[in-house]
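To start, the structure itself, in structure tokens.
Quick look at the structure:
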């Protein structure tokens, strides 16, 4: 195996979830930062690597993998232990559904480029943007809380970390960053706290990344 290189940004939720997955697998990787605040992800050099102009991208030699769901599934297929998506197809479908509530239903609507469009194209105030962020977090967290109540154990699904936890932890980080009230989601907060206590997850925290700053 060639050296894994993760192209990302410390506060990117999508890059954060890939860091968690890599760390849970015990894989070594280096990081290359692309500052989203200044549009570094749209540089010609990066677009040659990742034509969609988004982070993360994971390079393994001359192969480059894009989009965090596909990246994590590739990691899980290449290094099956410990599994992030259960082997049983019924369990796997539920874990993927729980993860999709975040990766498909919350995060895309709260992505930086969407928030920038709200500000520049529709002249939304900071307070309106925060209201927008909270709206979509609540829309996704309400059903995810119900599913966690049905299927959760120590973690979001059962008693071992899964793809769902790789997604939940960064989304909780984002919710707290923007002051979203999480009191209606005790199951998610508990599952997130259990995951956040793991050394592998601690090491993936944005504040512990080499490109982290106080901005």
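Residue numbers (the working numbering): 35 to 249.
From the three backbone atoms N, C-alpha and C, an ideal C-beta is built for every residue, glycine too.
Proximity below 7 Å, CB of residue i to CB of residue j
{"i": "residue 118", "j": "residue 105", "result": "no"}
{"i": "residue 223", "j": "residue 54", "result": "no"}
{"i": "residue 197", "j": "residue 115", "result": "no"}
{"i": "residue 225", "j": "residue 186", "result": "yes"}
{"i": "residue 66", "j": "residue 86", "result": "no"}
{"i": "residue 229", "j": "residue 203", "result": "yes"}
{"i": "residue 103", "j": "residue 137", "result": "yes"}
{"i": "residue 200", "j": "residue 51", "result": "yes"}
{"i": "residue 166", "j": "residue 140", "result": "no"}
{"i": "residue 178", "j": "residue 135", "result": "yes"}
{"i": "residue 253", "j": "residue 146", "result": "There is no way to answer for residue 253, as the model of the chain reaches only from 35 to 249."}
{"i": "residue 120", "j": "residue 126", "result": "yes"}
{"i": "residue 98", "j": "residue 83", "result": "yes"}
Spatially closest choice to residue i from the options, by CA coordinates
{"i": "residue 49", "options": "185, 100, 61, 191", "result": "100"}
{"i": "residue 231", "options": "43, 88, 194", "result": "194"}
{"i": "residue 113", "options": "37, 132, 56", "result": "56"}
{"i": "residue 70", "options": "52, 129, 219, 45", "result": "45"}
{"i": "residue 143", "options": "218, 47, 244, 246", "result": "47"}
{"i": "residue 96", "options": "131, 39, 189", "result": "39"}
{"i": "residue 129", "options": "43, 98, 189", "result": "189"}
{"i": "residue 172", "options": "155, 160, 161, 213", "result": "213"}
{"i": "residue 218", "options": "180, 239, 240, 83", "result": "180"}
Environment of residue i [buried if 16+ CB atoms lie within 10 Å]
{"i": "residue 59", "result": "buried"}
{"i": "residue 62", "result": "exposed"}
{"i": "residue 205", "result": "buried"}
{"i": "residue 208", "result": "buried"}
{"i": "residue 227", "result": "exposed"}
{"i": "residue 248", "result": "Any reading at residue 248 needs caution, since the residue's pLDDT is 44, under 50, leaving its predicted position unreliable; the model's value is listed next. Counting Cβ neighbours within 10 Å, residue 248 comes out exposed, since fewer than 16 surround it."}
{"i": "residue 37", "result": "exposed"}
{"i": "residue 124", "result": "exposed"}
{"i": "residue 184", "result": "exposed"}
{"i": "residue 182", "result": "buried"}
{"i": "residue 79", "result": "exposed"}
{"i": "residue 81", "result": "exposed"}
{"i": "residue 68", "result": "buried"}
{"i": "residue 72", "result": "exposed"}
Residue i: first and last residue of the uninterrupted alpha helix (DSSP H) it sits in
{"i": "residue 207", "result": "197-211"}
{"i": "residue 235", "result": "233-238"}
{"i": "residue 102", "result": "102-112"}
Start-to-end residues for the beta strand (DSSP E) that takes in residue i
{"i": "residue 4", "result": "Nothing in the structure corresponds to residue 4, since the chain is present only between 35 and 249."}
{"i": "residue 39", "result": "38-42"}
Could you pull out every unbroken beta strand (DSSP E) segment of at least 3 residues lying fully inside the segment 128-195, listed in chain order?
-> Within the segment 128-195, no complete beta strand (DSSP E) run reaches 3 residues.
Every unbroken alpha helix (DSSP H) inside the segment 50-100 [4 residues or more] = Listed in chain order, they are 78-83.
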